[in-house]
Amino acid sequence: MTVFPDGWDSEARLVDGRWVERRPRRPEVAARLLAETRLMPWLAPRLPLAVPVPRVLTHDPLAVRHALVPGAPLEHPTPRDGRLLGRFLRALHTVDAADAVRHGALPAGAARAERAEEGADFRRRVLPLLPPERHRSAAALLDAVRALPAAALVHGDLGPEHLLAEEAPPTGPLTGVIDFGDAHVGDPAIDLAWALYGAGRAVADAVAETYPVTRELRARALLWHRLGPWYEVTHGLDTGDAGTVASGLAGVCDRLGAGPPPPGR
1 MTVFPDGWDS EARLVDGRWV ERRPRRPEVA ARLLAETRLM PWLAPRLPLA VPVPRVLTHD
61 PLAVRHALVP GAPLEHPTPR DGRLLGRFLR ALHTVDAADA VRHGALPAGA ARAERAEEGA
121 DFRRRVLPLL PPERHRSAAA LLDAVRALPA AALVHGDLGP EHLLAEEAPP TGPLTGVIDF
181 GDAHVGDPAI DLAWALYGAG RAVADAVAET YPVTRELRAR ALLWHRLGPW YEVTHGLDTG
241 DAGTVASGLA GVCDRLGAGP PPPGR
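Letter 117 of the sequence shown, counting from 1, is numbered 117 in the UniProt record's numbering, and no numbers are missing.
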């Protein structure tokens with residue numbers, strides 16, 4: 001049995017070389033794992049890349065299991081990957097949001113409430129740790145994120161660690177997307193934050209070939225990109241990891257200083 005690198009919310013193990021078994025690290029994560037077991041069987045056939053389809057293994061203690069999605073975390077994204085990701089996100093973001101909620105996705109109202117709670121937590125615990133000259137722009141970012149829309153089914157935590165590619169060298173194309181524990185009805189721009197601002201210009205341009213990236217969407221994705229390191233800070237505070245806190249604070253300051261979004265296509 002192989003234990004995967006520590007996830008923030010769940011412990012994951014590879015069983016018999018073909019099954020991924022996940023258990024919640026905290027009681028509040030259990031509801032999300034159960035929601036995945038309802039959402040993913042409905043969602044998987046609607047997506048162009050492989051995704052996990054978990055089933056409940058045991059209820060007490062809770063454990064879910066799904067077939068291993070082949071591939072390794074994406075390390076060197078290419079324009080081909082960008083085009084595949086654009087197609088995937090277009091399919092995800094255009095599924096019927098009401099149907100997704102009926103199959104377990106967190107509805108828009110609850111997602112907005114969680115976003116407000118996170119923003120209040122960031123304002124209470126992270127903002128005071130920033131240099132005073134950053135307080136005004138940091139507070140403005142939190143205000144802007146709170147007002148963003150919630151209208152499409154989103155993955156909610158889409159970065160290279162959750163994108164899988166063929167392992168054979170040279171690195172093959174994107175093959176799958178994992179970890180839908182944060183799936184909810186929210187702002188589609190959250191799923192574009194890494195693709196447009198963390199993967200390089202060539203990948204960002206390729207995503208825009210297969211996904212309708214408007215100027216407004218780019219601007220909202222930049223807000224989500226700037227918010228990313230705030231989660232690292234609170235995770236470090238929650239786990240008592242001073243190095244993670246320091247890394248997150250450096251990321252917050254760096255991204256607050258980023259320039260305006262590039263022009264829309």
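Where is the CB? At the ideal position from N, CA and C, for every residue including glycine.
Between the Cα of residue i and the Cα atoms of the options, which residue gives the shortest distance?
i           : options                : result
L222        : A246, T210, V252       : V252
residue 270 : R25, R22, R220         : The structure shown does not extend to residue 270, since the chain is modelled only from 1 to 265, so the question has no answer here.
G156        : G186, D241, E21        : G186
A152        : S247, G198, A98        : A98
H76         : G243, R125, A199, A139 : A199
A105        : L57, D121, E36         : E36
T214        : H225, R226, L196       : L196
L39         : A202, F180, R226       : F180
H59         : A44, P41, P24, G248    : P24
V207        : V64, A30, L84, D16     : L84
R123        : A138, A111, A113, L174 : A138
P54         : R112, V20, H93         : V20
D254        : P131, A120, A31, H93   : P131
E216        : V233, P188, A140       : P188
From residue i to residue j, what does the alpha carbon distance come to, in whole angstroms?
i    : j    : result
E28  : A165 : 31 angstroms
P52  : E11  : 15 angstroms
G257 : L142 : 15 angstroms
G264 : A183 : Reliability fails at G264, whose pLDDT of 44 lies under 50, so the model's placement of it is uncertain and no value is given.
A100 : G176 : 20 angstroms
A204 : G82  : 7 angstroms
Y231 : V126 : 9 angstroms
V56  : T78  : 36 angstroms
P262 : E209 : Because the pLDDT of P262 is 45, which lies under 50, any placement of that residue in the model is unreliable, and the number read from its coordinates should be weighed accordingly. Taking the straight line from one Cα to the other gives about 16 angstroms.
A150 : L14  : 35 angstroms
D238 : R18  : 33 angstroms
V95  : W42  : 11 angstroms
A242 : E167 : 34 angstroms
H225 : R218 : 10 angstroms
P128 : D16  : 47 angstroms
A44  : R102 : 15 angstroms
V64  : R136 : 44 angstroms
G236 : R201 : 30 angstroms
R112 : D121 : 14 angstroms
A144 : P212 : 22 angstroms
S247 : V233 : 8 angstroms
E118 : E133 : 22 angstroms
R115 : A108 : 10 angstroms
Going by DSSP, name the residue or residues bridged to residue i.
i           : result
R38         : The partner list for R38 (beta bridge, DSSP) is empty, contrary to what the question assumes.
L174        : A165
E11         : R23
H66         : V20
T58         : A63
H184        : L106, V154
residue 300 : Outside the displayed range of the chain (1 to 265) lies residue 300, so it cannot be described from this structure.
A50         : G176
Just checking my contact of residue i with residue j at CB under 8 angstroms: how many whole Å lie between their CB atoms?
i    : j    : result
V245 : I190 : About 23 angstroms separates the two Cβ atoms, so there is no contact after all.
G228 : A193 : 7 angstroms
R22  : L34  : With a Cβ gap of about 11 angstroms, R22 and L34 do not count as contacting.
A30  : L74  : A30 to L74, Cβ: 29 angstroms. No contact.
P173 : R80  : 5 angstroms
Does any residue of chain B have a CB that is nearer than 7 angstroms to the CB of residue i?
i   : result
R90 : Looking for chain B here will not work: only one protein chain is present.
Any contact of the region 156-163 with the region 56-69, i.e. 3+ C-beta pairs under 8 angstroms? Too few Cβ pairs lie closer than 8 angstroms, so no.
Assess contact between the region 87-94 and the region 39-56, defined as three or more Cβ pairs (one per stretch) separated by less than 8 angstroms. Is contact present? Yes, since at least three Cβ pairs between the region 87-94 and the region 39-56 fall closer than 8 angstroms, the two stretches touch.
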